[in-house]
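Residue numbers (this note's numbering), protein chains in the order written: chain F, 222 to 503; chain B, 153 to 506; chain X, 68 to 333.
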Amino acid sequence: MNEKPWMMSAPALTLFGVLLLVPLCMTFFLSFNSFGFYTGIENTVSMENYAEVVSDSYFWEIFGRTFAIALATTFFCALLGVPQAYILYRLSPAWRSIVVLIVIGPLLISVVVRTLGWAILLGNNGVINSALQNWGLIERPIKMMYTSGGIVLALTHVFLPFMVLAVWAALQRKDPAVEAAAESLGARPFTIFRRIVLPQVIPGILSGSLIVFSMAASSFATPAILGGRRVKVVATTVYDEFLNTLNWPLGAAIAMLLLASVMVIMLAWNRLVERRYGEALE
Amino acid sequence: MAFLEAHGLTKTYGETNAVDNLTFTVEKGSFVSLLGPSGCGKTTTLQMIAGFEDPTMGKIKLAGRDLSAIPARDRGLGIVFQSYALFMHMTVAENVAFGLEMRNVDKAERKRRVADALELVHLGHLANRYPRAMSGGQRQRVALARALVIEPELLLLDEPLSNLDAKLREEMQLELRRIQREAGVTTLMVTHDQSEALAMSDRVLVMEKGRLQQEDSPFEVYERPRTSFVSTFLGKSNNFEAELKSVSPTASQLLIGGRALTGPTVNLTPGTVEVAVRPERIEIVDAAEAVITGTVRERIFLGAQWMMNVATPLGDMLVIRRNAGRREAEIGDTVHLSWAPEHMRILPLNEVAA
Amino acid sequence: MNQNGRFSQVFNILFCAFMLAPIVVVMGVSLTPEGFLEFPPSGISLRWYQAILDNPDFIEAAWISLKLGIVAATVASVLAVPAALAIGQGKFKGREALQALFLSPLMVPTVVLGIAFLRFLSLFGLNGTFTGLVLCHAIIITPFILRLVLAAVVGLDRTVDRAAESLGASNWTIFRRITLPSILPGVIGGWVLAFITSFDELTVTVFIVNPATTTLPVRMFSHITQTTDPLVASVSALTVIFTIILMVAVDRMYGLDRLLIGEGKK
Ligand SMILES: Nc1ncnc2c1ncn2[C@@H]1O[C@H](COP(=O)(O)OP(=O)(O)OP(=O)(O)O)[C@@H](O)[C@H]1O
Ligand SMILES: [Mg+2]
Chain F
222 MNEKPWMMSA PALTLFGVLL LVPLCMTFFL SFNSFGFYTG IENTVSMENY AEVVSDSYFW
282 EIFGRTFAIA LATTFFCALL GVPQAYILYR LSPAWRSIVV LIVIGPLLIS VVVRTLGWAI
342 LLGNNGVINS ALQNWGLIER PIKMMYTSGG IVLALTHVFL PFMVLAVWAA LQRKDPAVEA
402 AAESLGARPF TIFRRIVLPQ VIPGILSGSL IVFSMAASSF ATPAILGGRR VKVVATTVYD
462 EFLNTLNWPL GAAIAMLLLA SVMVIMLAWN RLVERRYGEA LE
Chain B
153 MAFLEAHGLT KTYGETNAVD NLTFTVEKGS FVSLLGPSGC GKTTTLQMIA GFEDPTMGKI
213 KLAGRDLSAI PARDRGLGIV FQSYALFMHM TVAENVAFGL EMRNVDKAER KRRVADALEL
273 VHLGHLANRY PRAMSGGQRQ RVALARALVI EPELLLLDEP LSNLDAKLRE EMQLELRRIQ
333 REAGVTTLMV THDQSEALAM SDRVLVMEKG RLQQEDSPFE VYERPRTSFV STFLGKSNNF
393 EAELKSVSPT ASQLLIGGRA LTGPTVNLTP GTVEVAVRPE RIEIVDAAEA VITGTVRERI
453 FLGAQWMMNV ATPLGDMLVI RRNAGRREAE IGDTVHLSWA PEHMRILPLN EVAA
Chain X
68 MNQNGRFSQV FNILFCAFML APIVVVMGVS LTPEGFLEFP PSGISLRWYQ AILDNPDFIE
128 AAWISLKLGI VAATVASVLA VPAALAIGQG KFKGREALQA LFLSPLMVPT VVLGIAFLRF
188 LSLFGLNGTF TGLVLCHAII ITPFILRLVL AAVVGLDRTV DRAAESLGAS NWTIFRRITL
248 PSILPGVIGG WVLAFITSFD ELTVTVFIVN PATTTLPVRM FSHITQTTDP LVASVSALTV
308 IFTIILMVAV DRMYGLDRLL IGEGKK
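Right under this line is the structure:
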């Protein structure tokens, strides 16, 4: 009898089927095709693209760098975002609405614009280096552009709001009276945070970390602008294969490996979280 | 022929029978209550009449026509939901006008009828308010006006007063009855509150576990409960086991706690039965006239009445005595209890003693 | 009441400074009278804003982004609202799978989406067309609308629908007069979020535009990868101002945090 929900979802389902599932499958098949410089994409089926990626240390380096950057970004987001979410939670409502705009608002501002800001800040003649030189703290500029460190810094800025939001949501789910209860038992503010608040928001931190990690691992604009050709990550490599080298099958294979590794990490992470915190999440 | 008829109405959810073979009728213009404890299937019954649930079995007829093929929106019934289900984004007047709009009533007439309906529920002055800014009692009356304005053949009310505080509930009982009478609309009301059912209805249908237990006037269900469940659900009752020795067309012979007593006649075969006596019908008498003797265990003064709990060989008995301005038995006193034979209700034995 | 200690207040200030730094820098640089990037600017001039007017590329791209955002967000809303009603109100087999499918664009790395769309569109000659952009953007932004509308739908009282039905309303009337007005804040919030997401989208779009349909982020991106001059800073500053206006508007209406967490209006 229940066909009404399907009728109502039919338009969206059609769009997603035709324009999401089909293209993803096509890309999957594309990754098994081969590519000749003069012949273009050849409709053969082989594992050669995957073999090429797996056997070449150049690609290992790119994948290694990508996940190292993602991991470092996740770490810094958690380190800064968790306390900030708690501070936000404890602000007076008037201040909170202002700080929310400042902390979360940048999420809505184009990543290109924000990365441009970081490029201006981090360049050899950039704001930070000039200031440090003017104050006589350094003699020669510190190289920050075209380094993994610069990318991590900018990506931390880009994804911090997601961490704050995830922890913020977890904070709002907890019973506001528990801190007062802990205080009435004689706990100091830092102890309250560490022993009472933190354990309760761990599910939020974990889900925030997952979001940040997966987005950082596949981020494109920031590494492309701050890393250029020199510091390549998976996403920029795929971009080059598709739009410069035109070796689509190889690019598709790299992308599929990225998709697979992100999916595996996400599923494993979810498993872990569910096993460890399944009951607490109820 | 009755106005609303339900024949063998049954609704099954998986294994459970939410409503089990329910047959009843409602006369035109009358106010009938469907009374029963929580979960006994009242809402389910009402939803089947309204057309929001399909009966598993059975038929519903309204003014002679079978309702089963008619969708809810074409049944033309007025329904007041337990939660009122007001349209929160519309003003009171817009809420009430909605049903008329659906019937393509023209604007001038719509305005007049909305005003009349709001007048009926004494809310004319709040026509442009939003429901959010109204009290529970006012919202309830908006819901009522919205249901009545379409001049339904039948008004269905699902626990319309259960969200109100005690004082407001009493006021609204009178108000609802007045409105029902003025509008002259046949009404079926669901409630789990026995005093509400007794106070408002022409007839009461008592349900338990999906089954109809008794259908009678309020006075009859209270005075002549036909099952142990009805006797205890409506008002307070002392129920105990007794031996039915014999039955004649005018009387019956009972053995209660070793004493032979004559009771009213009953349509039961001799054997173990249950006897129910209302606490206010029990008298305290001299030792010689006693049916049973016990010790006062608790005594509560209620102003107009005394309520006593007396431990007897038949079990604890509740006794209610009018406050006649004199001293009553104290806790620990021995008292002798008796009652007139006609105040005994002899019922089939209920396995699960209430 | 502010319950934070001194240390927390310092942390808060530094954190806010960190979040604002790159944005403030871009805005500052855009005001320089010089021909190179300079912060703080040595003077205040609108020279580089004027320069935008001499660069029809940027203006053209901004128009495309604006149109694209509006059309894609509208298409996505029209698709997502009935789907959210079905998922939020119905109990049917496959409901969770359906929801997972509609949220999946959030899970798949955007580069993967980009090349998948490129592959598909180029096979059908749709690559670089406005239609192609609209459809792909609609897919990417549907999850945002779906989440917010779903939150609104779950909070709906179904007996209100029944009340309307008992008064004679048809399914369409119930949707138009009862359901839609109740979920409207969620729909509008979702639309705005979807619009902004589409307006800012780079990673997918960069694969599927051609010179005639280049969007503003793609235009800015290719400009920055070649040279960083104050021109792109002034364009950026304008998009920041535009976004802030939208942002403050939705924050007033819906609450920015709830919009982005994807929770319903309380
Ligand atoms: N959709 C359903 N699926 C399964 N069981 C149901 C469903 N609706 C009701 N029931 C069951 O049917 C029985 C009757 O429910 P109903 O809502 O009619 O009770 P009620 O008399 O109105 O109770 P209350 O006074 O609490 O409102 C209950 O045991 C309930 O659990
Ligand atoms: Mg009920």
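Using N, Cα and C, we set each Cβ at its ideal position, and we do this for glycine too.
Using a Cβ-Cβ distance cut-off of 8 Å, the stretch 481 to 499 of chain F and the stretch 264 to 282 of chain F are not in contact, since fewer than three pairs of beta carbons, one from each stretch, lie closer than that value.
In the assembly as shown, B/Glu157 is a buried residue. Its beta-carbon has 16 or more other beta-carbons within 10 Å. For the stretch 309 to 328 of chain F, the set of residues with a beta-carbon nearer than 7 Å to any beta-carbon of chain X comprises Arg311, Leu312, Ser313, Trp316, Val320, Val321, Leu322, Ile323, Val324, Ile325, Gly326, Pro327, Leu328, in chain order. If you look at B/Asp172, you'll find it in the beta strand (DSSP E) that goes 168 to 178. Straight-line spacing of the CA atoms in B/Glu441 and B/Ser190 works out to 42 Å.
As computed with DSSP, B/Leu306 is found in a beta bridge with B/Thr338. The beta carbon of B/Thr445 sits closer than 6 Å to those of His488, all from its chain and outside the five residues before and after it, given in chain order. Taking a cut-off of 8 Å on C-beta distances, the stretch 398 to 415 of chain F does not touch the stretch 234 to 248 of chain X, as fewer than three cross pairs fall below it. The Cβ atoms of X/Phe274 and X/Leu213 lie no closer than 8 Å to each other. Per DSSP, the beta-bridge partners of B/Trp458 are B/Phe453, B/Arg473. At a cut-off of 8 Å between C-beta atoms, X/Ser75 counts as an interface residue with respect to chain F.
Taking a 10 Å sphere around the C-beta of B/Glu311, we find 16 or more other C-beta atoms and assign the residue as buried. Taking the CA atoms as reference points, B/Met200 sits about 35 Å from B/Glu426. Distance from the C-beta of B/Thr195 to the nearest heavy atom of ligand 2 is below 7 Å.
Every unbroken stretch of the alpha helix (DSSP H) spanning 4 or more residues and falling wholly within the stretch 203 to 283 of chain X is given here in chain order: 225 to 233, 247 to 267, 272 to 275. In the DSSP annotation of this structure, F/Thr458 is not part of any beta strand (DSSP E); the continuous alpha helix (DSSP H) holding it starts and ends at 455 to 461. Under DSSP, B/Pro416 takes part in a beta bridge, and its partners are B/Ala403. C-alpha of B/Gly362 to C-alpha of B/Arg298: approximately 30 Å in a straight line. In terms of Cα proximity to X/Thr264, the closest of X/Ile250, X/Gly222, X/Thr209, X/Phe85 is X/Thr209.
In its own chain, leaving out the 5 sequence neighbours on each side, no residue places its CB closer than 6 Å to the CB of X/Leu202.
Here B/His488 is bridged, per DSSP, to B/Val437, B/Thr445. About 4 Å separates the CB atoms of X/Ala139 and X/His204; that is less than 8 Å, so the two are in contact. Cβ neighbours of F/Ala442 within its own chain (closer than 8 Å, five residues either side excluded): Val332, Val333, Thr336. Within the stretch 243 to 254 of chain X, the residues whose Cβ lies closer than 8 Å to some Cβ of chain B are Arg244, Ile245, Pro248, Ser249, listed in chain order. Looking only at X/Pro89, X/Leu313, X/Ser301, X/Pro123, the smallest Cα-Cα distance to X/Leu98 is reached by X/Ser301.
The alpha-carbon of F/Ala233 is positioned some 10 Å away from that of X/Ser144. With the criterion set as a beta carbon lying under 8 Å from some beta carbon of chain B, the stretch 148 to 171 of chain X has no members that meet it. With a threshold of 8 Å between beta carbons, X/Gly235 makes contact with chain B. The continuous alpha helix (DSSP H) containing X/Ser189 extends over residues 177 to 190. Relative to ligand 1, the beta carbon of F/Gly370 is positioned no closer than 7 Å to any heavy atom. Contact check for F/Ala293 against F/Ile426 fails: the beta carbons are separated by 8 Å or more.
Approximately 5 Å separates the beta-carbon atoms of B/Gly415 and B/Met496; this is inside 8 Å, confirming the contact.
Among the residues facing chain B, X/Ala230 is included, as its CB has a counterpart in that chain under 8 Å away. Of the other Cβ atoms in all chains shown, fewer than 16 fall within 10 Å of the Cβ of B/Ala260; this residue is therefore exposed. Under the DSSP assignment, B/His159 falls in the beta strand (DSSP E) whose first and last residues are 156 to 165.
Between X/Val276 and X/Leu200, the C-beta gap is smaller than 8 Å, which places the two residues in contact.
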